[in-house]
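Visitor:
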Amino acid sequence: MKKLVALALLLFPAVLVFPRLALSQTDPGVRPGPVNGQIGATQGNPLPLASVNSNNPAGVLDFFDNGLGRFQEEESVSGGADKGLGPRFNFNSCSGCHAQPAVGGSSPADNPQFQVITQGIASGSTNRLPSFITAHGPTLEARFPFFTSSSGAPNRNAPNGGVEGLFTVSGRPDAGSCNLQQPDFRHAQQTNNIIFRIPTPTFGAGLIEFIDDSTLLANQEAQTANNFGVGGAFNRNGNDGTIARFGWKAQNKSLLIFAGEAYNVEMGITNELFAQERPLPEEEQGSGLPANCLNLAGRGYPEDATNFNVASNPDQAAQNAQVPADVVLLAEFMRLLAPPVPSTLAPGGSQSISNGFALFKAVGCATCHTPAVKSTQPSNITASLGNATVRAFSDFEIHHMGSGLADNVSQGGAGGDQFRSAPLWGLGQRIFFLHDGRATNLLAAIAAHRSNGSEATQVEENFSSLSRGQQQDVLNFLRSL
Amino acid sequence: MPAGVILVKGAWSSSAGTAIPLPEDGAVANGKYGNAYFGLEYAFGSDWTQRYEGPPPSESGYYVLAQIEPGTEAQSLGQGHVLIAAQDLFFTRNPAHDALELIHHYQEHLGVEYRVQRPPSKVRVANRDFVRFDYLSRAAGLQWHVLATQIRCHVVLFTFTGSDTQITRRLIDSIGTMPQAPGGAPVCIKDYANAETVTEREDPVLAAPRFNPVPVRIVIDTEGRVKHIHFLSAFPDQAKSIADALSQWRFKPLIVGGHPAEVETGLMFGRPPRPSTSALH
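Going down the list, the protein sequences come from chains D and B.
Each residue of the first sequence is one higher than the one before, starting from 698 at the first, in my numbering.
Each residue of the second sequence is one higher than the one before, starting from 35 at the first, in my numbering.
Okay, here's the thing in C-alpha cells:
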C-alpha cells in the first residue's frame, strides 16, 4: 500500500504538468540518439552503404565523399569555382534544405531560407522574404497551380504547377545588371493559388532506384486484395514507360534526373541534363529570361559540366572522382547513402514498438506503406545495392489522397490529388511531415490521410478505432523508424 | 480559388454516349445507400452516415462505393464502420472469375496478423447469393466481416469493421432487408468484343504515350451499336479518342431467347494489363 501511495505521489505532479501524458497518446517527437540510427554518423557526415564504406569496388568511397562535398557546396552567381547560382533560386546549396537529421535528409528545424537576405545570399534591396518562409518552419519550394487570367484571378483552364523560385540574384554584386522581380507570392496567397513542397529525404535512395519494375508490380498485385478501399497506380516515365519513383508524386525516374532537375529548378544551375536557364512558368509564356540575366557565370552553358581537365593527383581514385559533373556526383552521393537504421528500443521500449508494428499492419497502413520490398536487382555499382531488401515502407505507387491533401499540381501521370506513398524509413528523426510540411505531429499527419476522395480514409478510421494505448504503440513504432 | 477541391485530375472516371447510371454513382442519404447501377438499397440506420466520399475507380476496376460510419465523430470511437466496395471482374488484377474466387484470393493474401474466423462460404441473404468471410486482428481488437455478392460482372463487397459485435451484427442483419434488384440490366459478358462479334471497328489513336491502362466498360444496344461508354480511368484526351473510335464500332447483336439483347462488356485500351502472376502459377 505504501508503495502505491508513493507511486501516486510520484506521478501526481507529472499528470498536473502534462495532463495529456496521462490521458492521450502523443507523438514522442524527434528520436534522440545516433543520427539516422547509425553509430558514427553525424549531421555533416551521413554514412554510405556498407560496401561503399569498405570501398568496394576500389574508388567508390572517393566518389561518395566527393559527392558529399558537392552536395554541401555553397554556390555563387559568378565568383569562385562553385558558380552558376540563379538567376532564380530557392537556396544556394543542396544540404541547406536536405539537412535533417543529416546531409541528404529533409527540412531542418531552423529554416536556412529565413536567413537568405540577412546573410546576403539574396539582396534585400531587390528581394523580400515571402511571408510563408519562417524561422522555424519547413524549407519550402512554392508552386502556383494555375496561371492567372488578365484580371489576376487563377485560370482553372490553364494549369501551371511549375516551381516559382523564391529569390532572385538581382542586386547581388556578382549578378551584373540582371534585374528580376520575385513572383507575386502575396497575390498568389490572396487568391489561394499557391502550394508548397518540402524536400524529400534521400537516405537509401539507391536501393529504391534499384528495385526492378517486376518486383513493384508483384507487390502491387499482392496488395490489390485489400479490404481498406485502397487502389493505387504507378507514375510511369513518359519516355520509356517504366516506373518512376522519386519525388512527392513519383514523377522522377532516376536519381540523376532528380539531381539534374533540382540543380536547375531549386538552385538555377544549368547542367548536362537541363542545359537551359529556367525562366518562371509565366516568363516562359512570354519572351523568357532577359538577356542580361543569361550566362551570369560567364563561362557558357551548362554551368555545371564534366571536368575534362582535372589536376593530377597521386590518389587516382580521388582524381577520377573530380571528373564527373556535379549532377553525376550529387546523384551518386544519394545513390550510395545508407538507409536509416530503425531503433528497436526507443521510443517506448521494444514491446511497444513491436506492438505498434503489428497494429500498423493490422489497421491497413502497410497496404501502401509496404514494410519491405524484396529484392533489388543485381548491382553493377556496389555490392550493397544489389539483392537487398528495401525496408522503405512504401509501395512507390501514387494514391488518391483526397481533397484535404490535394495540391492541384499534375506531374507525369499523377493528378492533383495523387501522391507517392511517402517512404517512412527515417521518420523517427524527421521534423516536418506531408508534402508541404504542414504537420509537425504524427497524429496530425495521420489524421490528414482522411478526406473526401482519399484512398486512406478506411485505414485512418481503423487507426482511430484503436485504444489510446494502441495508438501510442503505433506512434512509438513510427518514431522508431 | 476554393480550398479543398480537386481541380486538376489525372486519369479519372467519365462517361460518354447515352447517360445511364454508373457503378460509382450511388449515394448515401437518410440512413440508406442507394445505387441504381447495381440495383442496391442498403438501409443502415439514420444514426450512421457517410462523412467522406471514396476515391475514383482504380485502373484495375476497384470502386469505393460508400464509407459509412456513425453520425458524429464522438460516436465513432469503437463503433466501427462499413465499406461498400466493388471489384469489376473484367479488369481485376486478381485471378478471380466470381465472388467466391475473389474472396478466396483475399484469404490467400491475408497477412499473418489476422486470424480467420469464418472461411469463405456461400450464404443466402435477402434472396441473394453472398460469400461470407470473417477474420480478426487480435492485436488491434478489430473484426472484419465481409459479405460479397456478384452483380453485373462485379463483386460488390460489404465490409464491416469494428470491435462491437452487437453493432456489427445489426449492420449485417440490415443486409437482409435489401429489396430485390430490378431486372432489365444488359447481359454482362467478359471479352465480348472479339473477332466473332465485332463487325466494324476503328482503333482509337491515342496521341500521347502515357503508358496507363484505360479500362472501358461499354453497353452495346440491340442493333449492335455502342450506346454507352464508361471510362473507369482515363485522361480526357484518351477518353475523347476512344469515344470517337467506339462510335464507329458495330457488333453482331446478341440474341437471347430469340430476341436481341443489350450487352455490357469491357475493353482495355492503352497499356495492356500485366498478366496476373497468380494466374501464371
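Ideal placement from N, C-alpha and C gives every residue a C-beta, glycine not left out.
Mind checking the region 1036-1065 of chain D against chain B and listing, in chain order, the residues whose C-beta falls within less than 8 Å of any C-beta there?
Guide: Answer in chain order: N1052, A1055, L1056, K1058, A1059, V1060 and A1063.
Visitor: With 7 Å as the threshold, decide whether the Cβ of A37 of chain B is near any Cβ in chain D.
Guide: In the second sequence, counting from the first residue as 1, residue 37 of chain B sits at position 3. So, interface residue.
Visitor: Is S1118 of chain D closer than 7 Å to S1100 of chain D when the C-beta atoms are compared?
Guide: Taking the first sequence and counting its residues from 1, the one referred to as residue 1100 of chain D is at position 403. Taking the first sequence and counting its residues from 1, the one referred to as residue 1118 of chain D is at position 421. Taking 7 Å as the Cβ cut-off, S1100 of chain D and S1118 of chain D do not qualify as a contacting pair.
Visitor: Please return the same chain residues whose Cβ sits closer than 6 Å to the Cβ of V1025 of chain D, not counting the five positions on each side in sequence.
Guide: In the first sequence, the residue the question calls residue 1025 of chain D occupies position 328. Counting only Cβ-Cβ distances below 6 Å, and skipping sequence neighbours, we find nothing.
Visitor: Identify whether T193 of chain B lies in helix, strand or coil by the three-state DSSP scheme.
Guide: On the second sequence, position 159 is the one that residue 193 of chain B refers to. Three-state result, T193 of chain B: strand.
Visitor: Are the C-beta atoms of F124 of chain B and some chain D residue less than 7 Å apart?
Guide: Locating residue 124 of chain B in the second sequence gives position 90, where the first residue counts as 1. Not one chain D Cβ lies under 7 Å of F124 of chain B.
Visitor: Inspect the CB distances between the region 216-236 of chain B and the region 1145-1161 of chain D and report whether three or more fall short of 8 Å.
Guide: Contact fails: fewer than three Cβ-Cβ distances are below 8 Å.
Visitor: Verify whether the separation of the beta carbon atoms of P153 of chain B and V165 of chain B is less than 7 Å.
Guide: By one-based count along the second sequence, residue 153 of chain B stands at place 119. By one-based count along the second sequence, residue 165 of chain B stands at place 131. Cβ distance not < 7 Å, so P153 of chain B and V165 of chain B don't count as in contact.
Visitor: Does any residue of chain B bring its CB to less than 7 Å from the CB of R1127 of chain D?
Guide: As a first step, residue 1127 of chain D must be located in the first sequence, where it is residue number 430. With 7 Å as the cut-off, R1127 of chain D does not count as an interface residue toward chain B.
Visitor: Quick check: the region 815-827 of chain D against the region 853-871 of chain D, are at least 3 beta-carbon pairs closer than 8 Å?
Guide: Cβ pair count under 8 Å is three or more, so yes.
Visitor: Taking DSSP's pairing of strands, which residues face F1130 of chain D in a bridge?
Guide: Residue numbering aside, residue 1130 of chain D sits at position 433 when the first sequence is read from its first letter. In the DSSP output, where bridge partners are listed per residue, F1130 of chain D has D:A1136.
Visitor: By the criterion of Cβ-Cβ separation under 9 Å, what are the contact partners of E1152 of chain D in chain B?
Guide: Here the question's residue 1152 of chain D lines up with position 455 in the first sequence. Here the neighbours are G88, P89, S92 and V98.
Visitor: Excluding the five sequence neighbours on either side, which residues of its own chain have a C-beta within less than 7 Å of the C-beta of A855 of chain D, listed in chain order?
Guide: Reading the first sequence from its first residue, position 158 is the one you call residue 855 of chain D. Only F843 and F844 meet the Cβ criterion.
Visitor: Tell me, to the nearest whole angstrom, how far the beta carbon of A174 of chain B is from that of V1060 of chain D; I am working on the premise that it is less than 8 Å.
Guide: Working through the second sequence from its first residue, we reach residue 174 of chain B at position 140. Working through the first sequence from its first residue, we reach residue 1060 of chain D at position 363. That belief holds up - the Cβ atoms of A174 of chain B and V1060 of chain D are roughly 6 Å apart, short of 8 Å.
Visitor: Apply the 10 Å Cβ neighbour rule to G304 of chain B and answer buried if 16 or more other Cβ atoms are within range, or exposed otherwise.
Guide: The sequence position of residue 304 of chain B within the second sequence is 270, counting from 1. Buried.
Visitor: Of all the CB atoms in chain B, is at least one closer than 7 Å to the CB of A667 of chain D?
Guide: The structure shown does not extend to residue 667 of chain D, since chain D spans only 698 to 1178, so no value can be given for it.
Visitor: Can you pull the chain D residues whose beta carbon is under 9 Å from the beta carbon of Y140 of chain B, in chain order?
Guide: As a first step, residue 140 of chain B is located in the second sequence; it is residue number 106 there, counting from the start. Within 9 Å Cβ-Cβ: A922, N923 and N924.
Visitor: Spatial neighbours of N161 of chain B within its chain, please: CB distance less than 8 Å, with the 5 preceding and 5 following residues excluded, ordered by chain position.
Guide: For the purposes of this step, residue 161 of chain B is taken as residue 127 along the second sequence, with counting starting at 1. Same-chain partners within the cutoff: Q214.
Visitor: Tell me the start and end of each unbroken beta strand (DSSP E) in the region 141-196 of chain B that is at least 3 residues and wholly inside, in chain order.
Guide: Complete beta strand (DSSP E) runs here, min 3: 149-159, 162-171, 176-185 and 188-196.
Visitor: What residues from chain D crowd round R127 of chain B, counting only those whose CB sits closer than 8 Å?
Guide: Start at 1 with the first residue of the second sequence, and residue 127 of chain B comes out as number 93. Within chain D, the residues near R127 of chain B are Q917, E918 and T921.
Visitor: Taking only the alpha-carbon atoms, compute the straight-line gap between G862 of chain D and G73 of chain B and give it to the nearest angstrom.
Guide: Counting from one through the first sequence, the residue named residue 862 of chain D turns up at place 165. Counting from one through the second sequence, the residue named residue 73 of chain B turns up at place 39. Distance between the alpha carbons of G862 of chain D and G73 of chain B is about 53 Å.
Visitor: Does the CB of N1138 of chain D have a neighbour CB from chain B at under 7 Å?
Guide: Stepping through the first sequence from its first residue, residue 1138 of chain D is reached at position 441. Judged by the 7 Å Cβ criterion, N1138 of chain D is not in contact with chain B.
Visitor: Among B:A279, B:R259 and B:D278, which has the Cα closest to the Cα of E298 of chain B?
Guide: Translated into positions along the second sequence, residue 298 of chain B becomes position 264. It is B:R259 whose Cα lies nearest to the Cα of E298 of chain B.
Visitor: Please work out which residues of its chain come closer than 6 Å, Cβ to Cβ, to Q282 of chain B, disregarding the five sequence neighbours upstream and downstream, and give them in chain order.
Guide: What you label residue 282 of chain B is simply residue 248 of the second sequence in a count that begins at 1. Counting only Cβ-Cβ distances below 6 Å, and skipping sequence neighbours, we find E236.
Visitor: Which bits of chain B does T888 of chain D rub up against, with CB to CB less than 8 Å?
Guide: Position 191 of the first sequence, counting from 1, holds the residue named residue 888 of chain D. Here the neighbours are M35.
Visitor: Which whole runs of the alpha helix (DSSP H) in the region 1079-1156 of chain D are 4 residues long or more, in chain order?
Guide: Complete alpha helix (DSSP H) runs here, min 4: 1139-1144.
Visitor: Tell me the DSSP secondary structure of F971 of chain D in three-state form.
Guide: Here residue 971 of chain D refers to the residue found at position 274 when the first sequence is read from its first residue. F971 of chain D falls in the coil class under three-state DSSP.
Visitor: Please identify the residue among B:F194, B:A279, B:V221 and B:D207 whose C-alpha is closest to the C-alpha of R186 of chain B.
Guide: To locate residue 186 of chain B, count along the second sequence from 1; it is residue 152. When each option's Cα is compared against that of R186 of chain B, the closest is B:V221.
Visitor: For the beta strand (DSSP E) containing R853 of chain D, list its first residue and its last residue.
Guide: Position 156 of the first sequence, counted from the first residue, corresponds to residue 853 of chain D. From DSSP, the beta strand (DSSP E) with R853 of chain D extends over P851 to P856.
Visitor: So which residues on chain D does R244 of chain B lean against when the C-beta distance must stay under 7 Å?
Guide: Taking the first residue of the second sequence as 1, we reach residue 244 of chain B at position 210. Here the neighbours are G1110.
Visitor: Buried or exposed for P898 of chain D, please, with buried defined as at least 16 other CB atoms from any protein chain shown within 10 angstroms of its CB.
Guide: For the purposes of this step, residue 898 of chain D is taken as residue 201 along the first sequence, with counting starting at 1. Buried.
Visitor: Please list the partners that S197 of chain B has in chain D, where partner means a Cβ-to-Cβ separation under 9 Å.
Guide: The residue labelled residue 197 of chain B in the question sits at position 163 within the second sequence. Neighbours of S197 of chain B on chain D, chain order: S1162.
Visitor: Does DSSP put S1162 of chain D in a helix, in a strand, or in coil?
Guide: Stepping through the first sequence from its first residue, residue 1162 of chain D is reached at position 465. Residue state, collapsed to three classes: helix.
Visitor: Under 7 Å, CB to CB, which of the residues in the region 271-299 of chain B have a partner in chain D?
Guide: Against chain D - using a Cβ distance shorter than 7 Å - the region 271-299 of chain B contributes no residues.
Visitor: What does V290 of chain B pair with, by DSSP beta-bridge criteria?
Guide: Here residue 290 of chain B refers to the residue found at position 256 when the second sequence is read from its first residue. DSSP, once it has assigned bridges, lists B:H293 as partnering V290 of chain B.
Visitor: I'd like the span of the beta strand (DSSP E) that includes N1052 of chain D, first residue to last.
Guide: Taking the first sequence and counting its residues from 1, one reaches residue 1052 of chain D at position 355. First-last for N1052 of chain D: S1047 to A1059, but that is the alpha helix (DSSP H), not the beta strand (DSSP E).
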